[in-house]
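Take a look at the structure below.
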Amino acid sequence: MSVHPIEFRYGSSEMKQIWSEDGKLRYLLEVEVALAKAEADCGYIPRKAADEIEMAVTKVTSERVAEIEAEIHHDIMAVVKAISEQIGTENDYVHYGATSNDIIDTALALQFRESFSILVLKLKRLRNVLVDLASENKARVCAARTHGQIAVPTTYGMRFAVWAMEIDRHLHRLYESRKRIEVGQMTGAVGTQAAFGKQGMEIQARTLELLGLASVEVATQIIQRDRHAEYIMLLANIATSLEKIFTEIRILQRSEIAEISEGFGKKQVGSSTMPHKRNPIKSEQICGLARIIRSFVLPALENNTLWDERDLTNSSSERITFPETTILSDHIITLSIDVLTNLEFNKERIKQNLSLMRGLNMSEAVMIQLTKKIGRQRAHEIIRTAAMDAYACGDSFSDTLLKEPLIAEHFSKDQIEFMISPENYIGTAVEQVERVVALLRQNECLE
């Protein structure tokens, strides 16, 4: 019986496979084999023993491991026994010299590596969708808002370019953090490698070389959890960026604004009682799940505060935090690509919202030009007074401005109309977007 929504509602099959019980066992067995091979390469155990271990792991099943664990109440020792019983002859070299977390933490690094590969590919796709949207909408003028109030104009291209650069920075963070997170260890009971003798560092290096992982410089019985906290915080940061993007999309889909909206299927239902509804449910899902991802930052940080060389308080929470954070992050990135790929623009409402304030939102444009005539502070006060008068009487801003003698002295009606035309006051918006698009497309070619 399914309980958790990840089991039936959220996440891709490829990511869930990495974090499934079968997936986890596969990585644990891979580490045990690498350890045995490394020990054989270093002359620490017989080559025949390593070969037997490599053959035995192919017959180990998660069901058998679970049966053994139910009896002995130790997950890694259950794996060790499951391997040993498949060898058929006496073999004292399974897990030889290692402690449980040598296997657990190194297998975890393999899970991180596979997860990173998926996340990177999907983040690239997301970034590229945003780049395309930025390019396509670089000159689509729209009302910008600060404090929830209409401000001077911007373009949709600017919005998408800002988001594309943010996702690109997350990609760089992923690349940069991998060298700290994709690391393994073979350090023994408290990190001294005493069970491996003088060959400990050689065995560790060879094991991790076989697995394609970097090696810790030094560790206790576990890999220190600051690395793992960085992983969770990185995914929380990505999730927060997505929440920001899709909160904005939800705002812009509000009935009162209605400039853009999620794609809506022909048979899609918006409400069980209001047939007219077209709710931004995917954007809302992204925002909701981002809160869950972000909530795991605190336990990830607290898991670094362990007693002495280690205790077990991190283990239980990590069984939850690592799979859920990774699977949900993968899910909302996939959902983000879907929403943005099918985004719909309401050109008429974009135009209407630009003129909603009857030119008042263009006060800065007029002030800048008047400053050239009479100075900045004086111009600001004259325009501010005119704007407040326009608010009070409901007149258009251009009519109110022309009632001010000092303004009428310096500008004609046509000049004022030009100044308060939104299309004439977007500065370098188009050029900035073109620069971002060129940069990110170049980055894509170099990756």
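No gaps in the numbering here: position 8 of the sequence shown is 8 in the numbering used here, and each next residue is one more.
We treat Cβ as the ideally placed atom computed from N, Cα and C, and that holds for glycine.
*Integer Cβ distance of H95 from E32, believed to fall under 8 Å*: 6 Å
*Are I68 and A82 closer than 7 Å when you measure CB to CB?*
yes
_Presumed contact (8 Å Cβ cut-off) between S65 and A56, rounded CB distance_ = Rather than Ser, the amino acid found at residue 65 in this sequence is Val. In fact, because the Cβ distance is near 13 Å, the residues do not count as touching under 8 Å.
_Along the chain, where does the alpha helix (DSSP H) containing R278 start, and where does it finish?_
Neither: R278 is in no alpha helix (DSSP H) and is coded neither H nor E.
*With 16 other Cβ atoms within 10 Å as the buried cut-off, status of M15*: buried
*Quick one: residues in its chain with C-beta nearer than 6 Å to the C-beta of V430, no 5 flanking neighbours on either side, listed in chain order?*
K138 and A139
*Between the beta-carbon of E259 and the beta-carbon of L213, is there less than 7 Å?*
no
*Compare the Cα-Cα distances from L406 to each of V437, E217 and K373 and report the closest residue.*
K373
*Can a CB atom of chain B be found closer than 7 Å to the CB of D105?*
Considering every chain present, this structure includes no chain B. It has just one protein chain.
*When DSSP labels each residue in this structure, what does C142 get in the three-state scheme?*
strand
*With DSSP as the reference, please indicate the residues paired to V183 in a beta bridge.*
A214
*Go ahead and label S295 buried or exposed: buried means 16 or more other beta carbons lie within 10 angstroms of its beta carbon, across all protein chains shown.*
exposed
*Would you mind reading off the limits of the alpha helix (DSSP H) that contains Q86?*
D75 to I87
_Burial state of E444 (16 or more Cβ within 10 Å)_ = exposed
*Could you check the C-alpha separation between T385 and L370 for me, to the nearest Å?*
14 Å
_Quick check on DSSP: helix, strand or coil for A151?_
strand
*Check E344 in the structure and name its three-state DSSP category.*
strand
_Cβ-based neighbour list, A219, same chain, cut-off 8 Å, excluding 5 preceding and 5 following_ = Q185, T187 and G191
*Starting from the C-beta of Y175, find all residues in its chain whose C-beta is less than 8 Å away, skip the five residues before and the five after it, and write them out in chain order.*
V120
*So, A379 versus L360, is the Cβ gap smaller than 7 Å?*
no
*In terms of residues, what are the limits of the alpha helix (DSSP H) holding E63?*
S62 to I72
*Note down the Cα distance separating C42 from K59, rounded to an integer number of angstroms.*
26 Å
*asked:* Since R278 and G288 should fall inside the 8 Å C-beta cutoff, what is the C-beta to C-beta distance between them, to a whole number of angstroms?
replied: Incorrect: roughly 19 Å between the Cβ atoms, too far for contact.
*Please state whether DSSP places I462 in a helix, a strand or coil.*
Past the edges of the chain, shown from 1 to 447, lies residue 462, and the structure says nothing about it.
*Please confirm whether I382 and V366 have their CB atoms less than 7 Å apart.*
no
_Of the listed residues W163, Q224, H73 and A164, nearest to N303 (C-alpha basis)_ = Q224
*Go to K413, then tell me how far its alpha helix (DSSP H) extends in each direction, as first and last residue.*
K413 to M419
*Decide if G157 is buried, meaning its Cβ has at least 16 other Cβ atoms within 10 Å, or exposed.*
buried
_8 Å contact criterion, which A161 and Q432 should meet: CB distance rounded_ = 7 Å
*Hey, is N342 close to the ligand SAM, as in C-beta under 6 Å from one of its heavy atoms?*
Here there are no bound small molecules, and the ligand SAM is not part of this structure.
*asked:* Between the stretch 322–340 and the stretch 393–405, can you find at least three pairs of beta-carbon atoms closer than 8 Å?
replied: no
_Am I right that L235 and I293 are in contact with their C-beta atoms under 8 Å? What's the rounded C-beta distance?_
6 Å
*Own chain residues within Cβ distance below 7 Å of T247, not counting five before or after*: C287
*Take the Cβ of C393 as the centre, count every other Cβ of all protein chains shown within 10 Å, and call the residue buried at 16 or more, exposed below.*
exposed
*Which of helix, strand or coil DSSP assigns to D395*: coil
*In three-state terms, what does DSSP make of R310?*
coil
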